[in-house]
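Chains as they are written, first to last, in my numbering: chain A, 2 to 337; chain R, 2 to 337.
So, in structure tokens, the structure goes:
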């Protein structure tokens, strides 16, 4: 398959056109396009341009408000709330971000509770920029019923990822983003498209039987939590933090049956940001650098986030490589 | 083996005697005895009276200051620090607790960073009382090098548990406490004592080969993280939060070789407390009750924390059952 190389800014511009063409405001388009192009640039393909058809069909279905104006509420010295207005979570985060950072630096810690929001992207782009500013950030978002709690018979939780970012002296931040399901939903979709199997222990079919067939998981089956009862407990925690604590929907509470084509879960998101300048002892970034040094000395070849950072460096040098066919589809979506 | 049944208060009183006899202050003895007896009462045997010989040998070795006076520092609207003064973490938490709760209620969220501390107990007793007061609490503590990071050759991380508690209307709080290692260190010790195997995938021997022999794990071997690279990433996060962010030691940084008998890791602990009264929408405890209802409806027989709460109810009715031999050992330690 032939491919083409694009500069990051060109991919962002193309994706902005796609979003605006399908009903988002220019502000929302800029944020989502930057997010999606960043994932593609960093080699996180399941959250890159692969997601665009899902965004488009969702916008076309009227399920999400692509022009929503988030309403930021200053609740307390360390607590910010945002009503995303049935729009995407990323513009809500962007609207609340300056206040959140100000509170974190002043109070030492601050929480952002986003509700009435749709999150259809990777979670690490939400936390990594805080680490770039010297802050530690943790975020959780719940999604849509597709994971069977450990010991249960039928799905209830979403893939409910947890993302974390921390600054590191003389290097990229330490960043991870992990689904509490055994596999990310996007990776199941990609495996189905490529005709590949998924690893054992990741999912069940519509009868609740273990399967390695991604299509059987997607067609009436479900995912399992990672790490048995522990991953399941963490997934439950994500429901409580991202939905109960924000005022958003649990993963099992929304009904999109009247919006065929809708793909984006209508839930909530929580972010906790801590200012390590308030810590005792040595500079935090120097301490995390020491941990990284020791992790390498223990034989670790690759740290969490490192693959993305390497892919980013490559993309910045050589451009972002996209199949010609995929690119043509995007160009069509930008103009149809 | 014959056994005896003790009232909770009698077990606390006996354990207090043991602690005081081995050099703690009465205040520290009261806190540790209550903590240890609570674990025993709740059926969490690996953190119950099973731990007492380890506490005693550590105190006798001079490794920990059983009479340390924690120093609480009010750093910012949402940030409290404590220097535990080379004492136990629980008295440090107790000293800072009123200020932490006040800040969480006022700012909406607050963090407690404990450093220069020894944590040798279960973690859920640290978070559950916050949920009893209607607050949401999350805590992490790092421990001592015994876990091989996923993809590494030798151990670096501690068992690094994560504990979480949230209020639930008309019921016990939702509480979990999970080691980020595939098995808790105390459970390996108990398996070794009983001559049982540990589940596959939990540990390696001194040559780095997988083993199900708990003695091989304890004698030069190591544990693995739960859930592969994901549990490993969470364990790394615990090192950053509990050590780098508090000013405490990483799990690999302390050297107790001059204190034979020392068992308690000299590290740090982080607690984050959130006031859900600041949330939008329905009452948080009602929302968590709805999640519990749905978890039961999905086929879950037992929720996280439920086994402990059932054991507690039984102990409150019938007393705490302890082997006569174990009880005699405790009585000896209280007077020797």
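Here a beta-carbon is modelled for each residue, glycine too, at the ideal position from N, C-alpha and C. Because the structure is a prediction, the values reported are computed rather than measured.
Between the CA atoms of residue j and residue i - distance to the nearest angstrom
i	j	result
residue 140/A	residue 201/R	32 Å
residue 212/R	residue 198/R	9 Å
residue 189/A	residue 10/A	29 Å
residue 298/A	residue 149/R	12 Å
residue 125/R	residue 45/R	10 Å
residue 290/R	residue 115/R	32 Å
residue 1/R	residue 79/A	Nothing about residue 1/R can be reported from this structure: the residues present for chain R run from 2 to 337 only.
residue 348/R	residue 144/R	The question about residue 348/R has no answer, for chain R in this structure spans 2 to 337.
residue 266/A	residue 322/A	29 Å
residue 218/R	residue 187/R	12 Å
residue 279/A	residue 77/R	8 Å
residue 108/A	residue 103/R	13 Å
residue 85/A	residue 90/R	40 Å
residue 192/A	residue 215/A	6 Å
residue 17/A	residue 43/A	18 Å
residue 315/R	residue 308/R	11 Å
residue 167/R	residue 95/R	19 Å
Limits of the alpha helix (DSSP H) - the one that residue i falls within
i	result
residue 294/A	285-298
residue 218/R	215-219
residue 125/A	125-133
residue 210/A	Taken as a continuous stretch (DSSP letters only), residue 210/A belongs to no alpha helix (DSSP H), as it is neither H nor E.
residue 140/R	Per DSSP, residue 140/R belongs to no alpha helix (DSSP H); it is in the beta strand (DSSP E), 137-142.
residue 36/R	27-42
residue 17/A	9-22
residue 187/R	186-195
residue 59/A	53-62
Contact list for residue i against chain R, beta-carbon separation under 9 Å
i	result
residue 167/A	238, 241, 242, 245, 246
residue 288/A	241, 244, 245, 246, 248, 251
residue 65/A	Simply none; closest approach about 19 Å.
residue 73/A	Those do not exist, as residue 73/A stays about 12 Å from chain R at its closest Cβ, beyond 9 Å.
Host beta strand (DSSP E) of residue i (start-end)
i	result
residue 119/A	110-119
residue 324/R	321-324
residue 240/R	Premise fails: residue 240/R lies in the alpha helix (DSSP H), 229-240, not in any beta strand (DSSP E).
residue 275/A	267-275
residue 179/A	175-179
residue 72/A	72-77
residue 84/A	80-89
residue 166/R	163-167
Cβ neighbours of residue i in the same chain (closer than 6 Å, five flanking residues each side left out)
i	result
residue 67/A	24, 25, 29, 60
residue 35/A	13
residue 97/R	73, 81, 83, 113
residue 285/A	277
residue 111/A	79, 101, 104, 105, 274
residue 229/R	151
Partners in chain R for residue i, counting only beta-carbon separations shorter than 7 Å
i	result
residue 1/A	The shown model of chain A, from 2 to 337, leaves out residue 1/A, and the question about it has no answer.
residue 302/A	152
residue 295/A	157, 253
residue 199/A	Neighbours of residue 199/A on chain R: none; closest Cβ ~15 Å, over 7 Å.
residue 131/A	Those within 7 Å of residue 131/A in chain R number zero; the least Cβ separation is about 14 Å.
residue 179/A	231, 234
Contacting residues, own chain, Cβ-Cβ under 7 Å from residue i (five flanking each side not counted)
i	result
residue 320/A	6, 7, 8
residue 1/R	Nothing in the structure corresponds to residue 1/R, since chain R is present only between 2 and 337.
residue 261/R	62
Contact list for residue i against chain R, beta-carbon separation under 8 Å
i	result
residue 1/A	Only positions 2 to 337 of chain A appear in this structure, which leaves residue 1/A out of reach.
residue 280/A	82, 114, 245, 246, 247, 248
Per-residue contacts from residue i into chain A (C-beta, under 8 Å)
i	result
residue 145/R	Here the premise fails: no neighbours, minimum Cβ distance about 14 Å.
residue 107/R	77, 78
residue 334/R	Going along chain A, no residue has its Cβ under 8 Å from residue 334/R, so there is no contact; the nearest lies around 34 Å.
residue 122/R	Per Cβ cutoff of 8 Å: no residues; residue 122/R is ~19 Å from chain A at best.
residue 182/R	Within 8 Å Cβ-Cβ: nothing; residue 182/R doesn't reach chain A, min ~10 Å.
residue 273/R	110, 273
residue 299/R	149, 150, 153, 154, 155, 156, 157
Chain-ordered chain A contacts of residue i [CB-CB under 7 Å]
i	result
residue 118/R	The premise fails here: residue 118/R is roughly 12 Å from chain A at the closest Cβ pair, so nothing lies under 7 Å.
Beta-carbon contacts of residue i that lie in its chain and below 8 Å, excluding the five residues immediately before and after
i	result
residue 4/R	322, 323, 324, 325
residue 225/A	148, 149, 151, 182, 183, 202, 203, 204, 205
residue 247/R	82, 114, 115, 116, 269, 270, 271
Chain A contact residues for residue i, given Cβ-Cβ distances below 9 Å
i	result
residue 207/R	The premise fails here: residue 207/R is roughly 15 Å from chain A at the closest Cβ pair, so nothing lies under 9 Å.
residue 7/R	Simply none; closest approach about 30 Å.
(message) Can you confirm whether the region 276-294 of chain A touches the region 168-180 of chain A when touching is taken to mean that 3 or more C-beta pairs between the two stretches lie within less than 8 Å?
(response) yes
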